[in-house]
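Novice: Protein chains in written order, with full-length UniProt numbering: chain A, 1 to 421; chain B, 1 to 421.
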């Protein structure tokens with residue numbers, strides 16, 4: 001209880017400072033925000049020795065805690081990764097500023113002119129795990145969109161994230177922006193996470209960056225709205241009217257390009273007509289590429305596959321494993337995806353326009369694709385610049401969440417002494 | 001506990017039926033939705049005797065409960081009001097269908113074509129008080145935007161709302177749409193409201209329609225997102241550079257056109273320069289119109305005013321009462337509104353473009369106006385057609401909430417066997 005009270009006070013004080021900073025940020029000129037981001041990039045390069053020393057401390061601590069090699073890799077910084085962080089900051093600096101953009105405008109018969117104009121949301125909370133670069137990425141996108149941000153990194157990355165955060169603050173200082181625009185929760189105490197999740201009125205939205213465990217915890221506990229996806233159970237459906245060469249190319253890419261990202265395909269649905277026409281070539285391609293294929297029904301007769309269990313469908317492997325199943329046409333695929341999907345990204349392979357239109361209309365995932373790899377589910381690939389994550393909720397933000405989706409809007413109405421009848 | 005368990009089961013069963021209906025509705029043709037709304041309008045007129053008989057039952061019950069005259073008036077239906085309900089249904093039928101609209105689209109260097117397309121949100125819960133017409137208004141807007149809706153009317157209007165609901169269901173049946181598209185909670189039990197507020201996964205958003213008591217309860221208890229405004233504490237600021245004739249016209253209209261709506265002005269801020277130039281004319285206009293002016297500082301010297309207490313600022317009177325205060329220019333007005341406003345609607349009266357721009361930039365109310373009456377804060381006046389209410393939150397919906405803001409979106413991505421490098 002003492003912990004919770006202390007954490008509550010801490011988040012209250014960070015939240016109030018953020019709220020005050022947000023008022024200033026909402027009116028900050030684009031040039032000042034870009035200057036802050038470029039100056040932060042300079043600072044990351046200038047202070048790389050400090051950052052790497054901080055990172056070494058974190059790595060020691062993580063090894064003592066017995067973290068896995070994969071976790072240690074996510075935590076590790078080096079010269080290349082720091083260059084990448086600096087480059088990312090400069091790219092966000094160069095993106096267009098969404099704040100103040102006129103989304104739409106129109107005139108009314110009363111003589112009123114109405115504009116709908118982008119504004120920042122206010123205060124964003126970001127809760128992440130061991131990747132220290134999220135400190136810079138999330139801080140940059142929040143600043144670009146005129147929001148104050150409270151960052152709560154994983155306990156393993158406390159020193160590394162702190163050193164990067166110091167660079168962000170140096171950037172803010174250089175540009176004359178309030179330092180409370182980008183704050184870090186300065187404690188390993190888990191109670192601070194709970195306090196953030198309940199900080200209604202101080203934090204407007206929470207964005208969790210990390211695995212299913214973290215996202216699930218945030219989604220179930222939060223009283224503050226959350227932008228997130230719990231899982232990316234992406235499906236590829238090879239329709240009977242698919243072009244074989246395109247289908248082979250896309251299926252392999254969707255599964256194997258990178259297996260650990262949320263846009264990686266986890267389930268291949270094959271139309272019985274496709275099988276009749278082309279045989280088991282898609283399964284064999286995957287097996288040859290070293291993918292473990294967990295096959296259902298007669299597909300399990302293909303040599304080299306393993307037999308799927310019911311749990312393999314609707315499962316996010318994030319590995320060189322894919323579930324595979326025969327379905328009866330696009331309706332079979334739609335029914336399967338509705339039952340087992342996570343509303344993230346699904347792709348149909350077909351040359352038939354009506355079939356593609358049916359797939360697009362009947363499903364309601366954040367992203368639906370035709371003849372394209374699910375690995376394109378990414379803000380950069382969408383042309384949005386950097387993204388803070390991919391959301392599968394239906395309110396406010398959906399799909400890749402970039403600077404624009406971190407904004408709200410207000411109406412500006414101009415009359416000439418206009419009164420309502 | 002028994003009540004809560006029963007209410008939970010009830011909402012669970014309504015929610016599941018709504019969820020199933022929502023899948024069908026999301027793909028329903030515009031013509032079917034319009035047909036359902038026009039048929040419902042026909043039914044309201046054809047069954048007006050039944051509806052008025054049901055309303056008479058509710059009025060008897062309400063009188064026994066000792067409801068105020070104002071409450072009885074809100075509850076009362078007559079021929080005119082039923083015609084108004086039918087007309088409203090036909091107007092929504094004629095509005096453009098937001099579902100399937102391409103919000104924006106673009107091409108990527110990879111060859112991908114990306115469309116952002118409007119989709120329904122899913123299931124909407126509407127919790128309202130004694131006005132039985134909300135049954136038709138909310139049902140119509142939800143249907144137009146392809147959402148299923150669960151309506152929970154006030155216990156006083158149970159029979160009237162039920163009779164109108166029967167007309168909506170008849171419309172759905174005529175159009176071959178699922179009857180569960182528009183459901184009513186068939187009980188006076190308050191536990192049903194709590195169950196709706198906690199129905200995450202079944203209800204996507206809750207919209208409360210009613211007074212501050214209802215909205216406050218919903219906002220504090222809900223685990224489901226809420227579109228609402230708690231109060232409309234609208235300010236009018238008369239700047240030193242205001243045009244006198246426009247200012248007099250707008251101030252009177254903003255306060256007195258209708259005092260009971262959320263867009264009615266509750267506080268008049270007068271620039272000291274305006275007072276020096278034009279005297280106390282705005283105050284005298286209000287007094288002459290029969291408004292009680294609760295004046296602060298030297299404004300209280302104007303004969304006929306009463307002296308304001310601190311509680312009069314930031315107060316929603318919804319009556320022929322206004323608080324009035326002198327401020328030092330636009331910065332004084334901004335500071336006052338930031339402290340006392342409810343982020344609903346504020347209007348500046350000025351001929352100076354820079355001053356107006358400052359007011360527009362520094363405040364973040366859902367609606368900011370220049371030289372126009374705050375009474376224009378209304379979906380119809382904005383040209384959005386019918387509205388389900390006005391929201392002051394910053395996520396998803398803001399300002400007047402019409403059919404368009406009851407939608408979400410998805411991305412449709414088309415390639416040609418396109419894979420990610």
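Quick reminder that beta carbons are idealized off the backbone N, C-alpha and C, glycines included.
Between B:224, B:213 and B:134, which lies nearest to residue 182 of chain B when the distance is taken from Cα to Cα?
Specialist: B:134
Novice: With C-beta atoms as the reference, is residue 324 of chain A less than 8 Å away from residue 299 of chain A?
Specialist: yes
Novice: Could you round the C-beta distance between residue 395 of chain A and residue 225 of chain B to whole angstroms and report it? I think they count as a contact, below 8 Å.
Specialist: 6 Å
Novice: Does the count of Cβ pairs from the region 256-274 of chain B and the region 227-237 of chain B closer than 8 Å reach three?
Specialist: Yes, since at least three Cβ pairs between the region 256-274 of chain B and the region 227-237 of chain B fall closer than 8 Å, the two stretches touch.
Novice: Residues in its own chain within less than 7 Å of residue 114 of chain B by CB, not counting five upstream and five downstream?
Specialist: 105, 106, 108, 411 and 413
Novice: Check whether the region 22-38 of chain B touches the region 142-154 of chain A, taking contact to mean three or more Cβ pairs, one atom from each stretch, closer than 8 Å.
Specialist: no
Novice: Using 8 Å as the Cβ pair cut-off and three pairs as the minimum, do the region 367-381 of chain B and the region 88-104 of chain A touch?
Specialist: no
Novice: Does the region 38-50 of chain A come into contact with the region 77-85 of chain A, if we say contact requires no fewer than three beta-carbon pairs (one atom in each stretch) closer than 8 Å?
Specialist: yes
Novice: Cutting at 7 Å between CB atoms, please list the residues of its own chain near residue 200 of chain A, excluding the five before and the five after it.
Specialist: Excluding residues within five positions, the ones whose Cβ falls inside 7 Å are 223 and 224.
Novice: Under 9 Å between beta-carbons, which chain A residues line up against residue 413 of chain B? List them in chain order, please.
Specialist: 345, 347, 367, 368, 369, 370, 372, 376, 377 and 382
Novice: Pull up the distance between the alpha-carbon of residue 398 of chain B and that of residue 404 of chain A, whole angstroms please.
Specialist: 16 Å
Novice: What does the Cβ neighbour count give for residue 301 of chain A, buried or exposed, with the cut at 16 atoms within 10 Å?
Specialist: exposed
Novice: Residues of chain A with CB under 7 Å from residue 396 of chain B, in chain order?
Specialist: 395 and 396
Novice: Going along chain E, which residues have a C-beta under 7 Å from residue 132 of chain A?
Specialist: No chain E is part of this structure, whose protein chains are labelled A and B.
Novice: Give the residues of chain B in contact with residue 402 of chain A, contact being defined as C-beta atoms less than 7 Å apart.
Specialist: Neighbours of residue 402 of chain A on chain B: none; closest Cβ ~13 Å, over 7 Å.
Novice: Please report the straight-line C-alpha distance between residue 205 of chain A and residue 176 of chain B, rounded to a whole angstrom.
Specialist: 40 Å
Novice: Whether or not the region 160-167 of chain B and the region 25-38 of chain B are in contact is what I'm after, with contact meaning three or more pairs of Cβ atoms, one per stretch, closer than 8 Å; do they touch?
Specialist: no
Novice: Excluding five sequence neighbours on each side, which residues of the same chain lie with their C-beta closer than 7 Å to the C-beta of residue 277 of chain B?
Specialist: Excluding residues up to 5 positions away in sequence, 240 lie with their Cβ nearer than 7 Å to the Cβ of residue 277 of chain B in the same chain.
Novice: Among the candidates B:119, B:101 and B:189, whose CA atom is the shortest distance from the CA of residue 4 of chain B?
Specialist: B:189
Novice: With 16 other CB atoms within 10 Å as the buried threshold, where does residue 303 of chain B fall?
Specialist: exposed
Novice: Please name the residue or residues paired with residue 409 of chain B in a DSSP beta bridge.
Specialist: Residue pairing by DSSP puts residue 409 of chain B in a beta bridge opposite B:118.
Novice: Using DSSP with H/G/I as helix, E/B as strand and the rest coil, what is residue 17 of chain B?
Specialist: helix
Novice: Starting from residue 145 of chain A, find everything on chain B with Cβ-Cβ shorter than 8 Å and list it in chain order.
Specialist: What residue 145 of chain A touches in chain B: nothing, since even the nearest Cβ is about 12 Å away.
Novice: Let me see if you follow: with CB-CB separation under 8 Å, is residue 160 of chain B close to chain A or not?
Specialist: no
Novice: Using DSSP's beta-bridge definition, name the partner residues of residue 319 of chain A.
Specialist: None; residue 319 of chain A has no bridge partner.
Novice: Cβ of residue 245 of chain A within 8 Å of Cβ of residue 274 of chain A?
Specialist: no
Novice: Just mark residue 1 of chain B as buried or exposed, buried being the case when its beta carbon has 16 or more other beta carbons within 10 Å.
Specialist: Bear in mind that the predicted position of residue 1 of chain B carries a pLDDT of just 45, short of 50, making it too unreliable to give a figure here.
Novice: For the region 249-280 of chain A, which residues have a beta carbon sitting closer than 7 Å to at least one beta carbon of chain B?
Specialist: 249, 250, 253 and 257
Novice: Going by C-alpha to C-alpha distance, which of A:40, A:195, A:86 and A:72 sits closest to residue 6 of chain A?
Specialist: A:195
Novice: Among all the DSSP beta bridges, which residues are the ones paired with residue 369 of chain A?
Specialist: A:347 and B:413
Novice: Please decide whether residue 96 of chain B counts as near chain A, where near means a Cβ-Cβ distance under 8 Å.
Specialist: no
Novice: With H, G and I counted as helix, E and B as strand and the rest as coil, what does DSSP make of residue 178 of chain A?
Specialist: coil
Novice: Using a Cβ-Cβ cut-off of 6 Å (strictly less than) and excluding sequence neighbours within five positions of residue 131 of chain B, which residues of its own chain qualify?
Specialist: 74
Novice: Checking contacts by CB at 8 Å: is residue 364 of chain B closer than that to chain A?
Specialist: yes
Novice: Can you tell which of B:228, B:229, B:280 and B:227 has the C-alpha that lies nearest to the C-alpha of residue 251 of chain B?
Specialist: B:280
Novice: Using the rule of at least 16 other Cβ atoms within 10 Å of the residue's Cβ for burial, across every protein chain shown, is residue 335 of chain A buried or exposed?
Specialist: exposed
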